[in-house]
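Novice: All the letters of the sequence shown, read from the start, carry residue numbers 0 to 425 under numbering that gives the first Met the number 0. In this text, a Cβ means the ideal position worked out from N, Cα and C, and glycines have one as well.
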Amino acid sequence: MDTSERMFAEACAVMPGGVNSPVRAYRAVGMTPRFIRSAKGAYITDVDGVEYIDYVGSWGPMILGHSHPDVLQAVADTMKDGLSFGAPTGRETELAKLVCSMVPGIEMVRMVNSGTEAVMSAVRLARGATGRDKIIKFEGCYHGHSDSMLVKAGSGALTAGRPDSAGVPAAIASGTLTAQYNNLDSVEALLRANDGEVAAVIVEPVAANMGVVPPAPGFLEGLRRLCDQYGALLIFDEVITGFRLARGGAQEYFGVRADLVTFGKIIGGGMPVGAFAGSKKLMEQVAPTGPVYQAGTLSGNPVAMAAGLAQLTILNEHPEIYMQIENSAIWLATQLRALEEQYHKGCTVNQIGSLLSVFFTDRPVTDFAGAKSSDTERYAAYFRAMLKQGIYLAPAQFEAMFVGAAHTKDDLMNTVLAASRVMQEL
Ligand code: PMP
0 MDTSERMFAE ACAVMPGGVN SPVRAYRAVG MTPRFIRSAK GAYITDVDGV EYIDYVGSWG
60 PMILGHSHPD VLQAVADTMK DGLSFGAPTG RETELAKLVC SMVPGIEMVR MVNSGTEAVM
120 SAVRLARGAT GRDKIIKFEG CYHGHSDSML VKAGSGALTA GRPDSAGVPA AIASGTLTAQ
180 YNNLDSVEAL LRANDGEVAA VIVEPVAANM GVVPPAPGFL EGLRRLCDQY GALLIFDEVI
240 TGFRLARGGA QEYFGVRADL VTFGKIIGGG MPVGAFAGSK KLMEQVAPTG PVYQAGTLSG
300 NPVAMAAGLA QLTILNEHPE IYMQIENSAI WLATQLRALE EQYHKGCTVN QIGSLLSVFF
360 TDRPVTDFAG AKSSDTERYA AYFRAMLKQG IYLAPAQFEA MFVGAAHTKD DLMNTVLAAS
420 RVMQEL
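(1) Report whether the distance from the Cβ of residue 113 to the nearest heavy atom of ligand 2 is below 7 Å.
(2) Cβ of residue 194 less than 8 Å from any chain D Cβ?
(3) Please confirm whether residue 402 and residue 54 have their CB atoms less than 8 Å apart.
(4) Which residues in the same chain have their Cβ closer than 7 Å to the Cβ of residue 141, if we skip the five residues on either side of it in sequence?
(5) Which same chain residues, not among the five before or five after residue 259, have their C-beta less than 8 Å away from its C-beta?
(6) In this structure, how does DSSP classify residue 413 when only helix, strand and coil are distinguished?
(7) How would you call residue 304, buried or exposed, if buried means at least 16 neighbouring beta carbons within 10 angstroms?
(8) Put residue 119 into one of helix, strand or coil per three-state DSSP.
(9) Can you pull the DSSP bridge partners for residue 37?
(10) Considering only residues of the same chain and omitting the five flanking positions on each side of residue 85, which have a CB-CB separation below 7 Å?
(11) Report the option in 178, 321, 414, 320 whose CA atom is closest to the CA atom of residue 192.
(12) Relative to the C-alpha of residue 368, which candidate in 137, 22, 196, 17 has its C-alpha closest?
(13) Going by beta carbon distance, what residues of the same chain come within less than 7 Å of residue 279, once the five residues before and after it are set aside?
(14) From which residue to which residue does the beta strand (DSSP E) around residue 50 run?
(15) Tell me the rounded alpha-carbon separation between residue 324 and residue 333.
(16) Tell me the DSSP secondary structure of residue 284 in three-state form.
(17) Should residue 33 and residue 66 be called a contact, given that it needs their Cβ atoms to be closer than 8 Å?
(18) Can you look up residue 296 in the DSSP assignment and give me helix, strand or coil?
(19) Indicate, with yes or no, if ligand 1 has a heavy atom lying under 7 Å from the CB of residue 58.
(20) When every heavy atom of ligand 1 is checked, does at least one fall within less than 7 Å of the C-beta of residue 154?
(21) Can you list, in chain order, the stretches of the beta strand (DSSP E) that have 3 or more residues and sit fully within the stretch 187-229?
(22) Should residue 408 be labelled buried (16 or more other beta-carbon atoms within 10 Å of its own) or exposed?
(23) At the level of alpha carbons, what is the spacing between residue 387 and residue 417?
(24) Between residue 200 and ligand 1, is there a pair consisting of the residue's CB and a ligand heavy atom that are separated by less than 7 Å?
(25) Quick test of the definition: if touching needs 3 or more C-beta pairs under 8 Å, does the stretch 35-42 touch the stretch 372-385?
(26) Nearest-angstrom Cα distance between residue 371 and residue 358?
(27) Hey, residue 263 and residue 130: beta-carbon distance below 8 Å or not?
(28) Taking contact to mean at least 3 C-beta pairs separated by less than 8 Å, is the stretch 310-323 in contact with the stretch 244-257?
(29) So the candidates are 313, 284, 424, 288; which of them puts its Cα closest to the Cα of residue 268?
(30) When the Cβ atoms of the stretch 206-220 are set against those of the stretch 334-349, are three or more pairs found closer than 8 Å?
(31) Within its chain, find whatever has a CB closer than 7 Å to the CB of residue 229; leave out the 5 residues flanking it on each side and keep chain order.
(32) When the Cα atoms are used, what is the spatial distance from residue 22 to residue 59?
(33) Measure the CB-CB distance between residue 415 and residue 331 and report whether it falls below 8 Å.
(34) Tell me which residue opens and which closes the beta strand (DSSP E) that residue 256 is part of.
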């Protein structure tokens with residue numbers, strides 16, 4: 000038994016599945032999760048001292064790599080003054096101003112503590128502002144675990160085979176309509192059949208919780224047009240894409256404006272932060288200026304704000320990072336596709352920006368059906384073999400591979416060498 004196995008047995012006695020978030024339990028890959036001791040730059044080290052090149056990056060936040068000195072310093076400096084006041088601090092305004100300056104079309108921000116909270120609150124705001132109740136989401140997209148979003152959800156819900164969670168009242172689930180990603184007709188049909196009742200269409204502008212599936216040309220533009228036509232708000236859930244595809248996220252990358260945008264992950268620099276944002280007119284509908292209630296004891300926490308501010312400041316001042324990480328991901332995808340041509344393992348590699356996925360399917364993956372055609376057992380075998388080679392990937396097919404600024408050319412090269420050995424073996 001290695002140390003992770005011992006620690007996992009202990010954890011399972013006091014936490015469901017031994018974890019605080021399901022995918023971490025490694026159930027989809029049939030092994031014991033690695034317990035982590037530390038992480039620095041592109042590397043993560045387990046409790047037995049084994050080091051891996053990390054492509055999870057805490058599921059997205061660590062775009063600059065782990066333990067970035069500026070971020071750690073900001074946290075250390077801030078915590079000396081106290082951990083939480085439950086009262087306003089200047090850092091909240093600073094971070095909100097920075098977010099507004101980086102992201103197109105937003106004038107006001109409300110900080111929360113997770114992506115789940117950001118989406119839950121944005122959806123409530125959309126309902127409050129339109130006076131309508133129904134929401135359209137896409138099958139296989141994941142927007143956190145609030146009741147109305149756990150309908151045909153992706154990520155861990157999909158991996159666990161429970162895209163519709165137990166415990167969500169039928170009355171709430173029935174207000175969430177599901178359309179097909181990259182299929183505008185499916186959206187229009189729902190809007191037409193529920194004319195005057197749909198508050199918002201919420202979408203991951205790049206689907207990244209069914210594995211990575213980029214939007215088809217015209218899809219996001221089409222959503223914008225349909226929302227305008229039917230009086231629904233368009234919500235971009237940028238918990239993954241925000242500050243990752245570009246400084247201004249998917250809105251900047253694709254040139255399409257949303258009415259409300261949700262953030263998580265990168266905005267907190269590794270601390271628990273989420274946010275939702277939009278025009279002044281919409282955001283002033285939120286309490287205390289408006290009737291849509293939303294609150295949080297630890298929201299805007301000074302240490303969390305400091306970490307987010309440090310990370311976003313670097314991204315804002317170094318836009319060349321975006322070209323670097325996209326080029327790294329393009330190079331990785333190209334090499335992985337070359338391995339597929341060489342070894343014919345039936346893989347499809349999707350990549351956009353610094354996000355990529357290897358699907359174990361022969362067909363192109365442009366929608367949820369394509370993603371689901373992937374052989375998850377083969378992904379699990381690939382995952383286990385890559386881990387043995389020192390490459391730390393997401394322990395489930397329906398997730399993304401995150402490339403960051405800390406991945407060097409050598410790291411990428413070693414990753415491809417590992418994949419080459421694994422592809423031969425598989
Ligand atoms: N939206 C998207 C697009 C996500 O990927 C996630 C989490 N991976 C969430 C919302 C939920 O965020 P959190 O886990 O911070 O609650």
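Specialist: Short version:
(1) As far as ligands go, the structure on display features ligand 1 and does not contain ligand 2.
(2) The structure shown contains no chain D, having only a single protein chain.
(3) yes
(4) 152, 153, 154, 156, 208
(5) 121, 124, 125, 199, 232, 233, 234, 235, 275, 276, 277, 281
(6) helix
(7) buried
(8) helix
(9) 44
(10) 296
(11) 178
(12) 137
(13) 106, 107
(14) 50-53
(15) 14 Å
(16) coil
(17) no
(18) coil
(19) yes
(20) yes
(21) 197-202
(22) exposed
(23) 9 Å
(24) no
(25) no
(26) 9 Å
(27) no
(28) yes
(29) 313
(30) yes
(31) 190, 194, 197
(32) 14 Å
(33) yes
(34) Neither: residue 256 is in no beta strand (DSSP E) and is coded neither H nor E.
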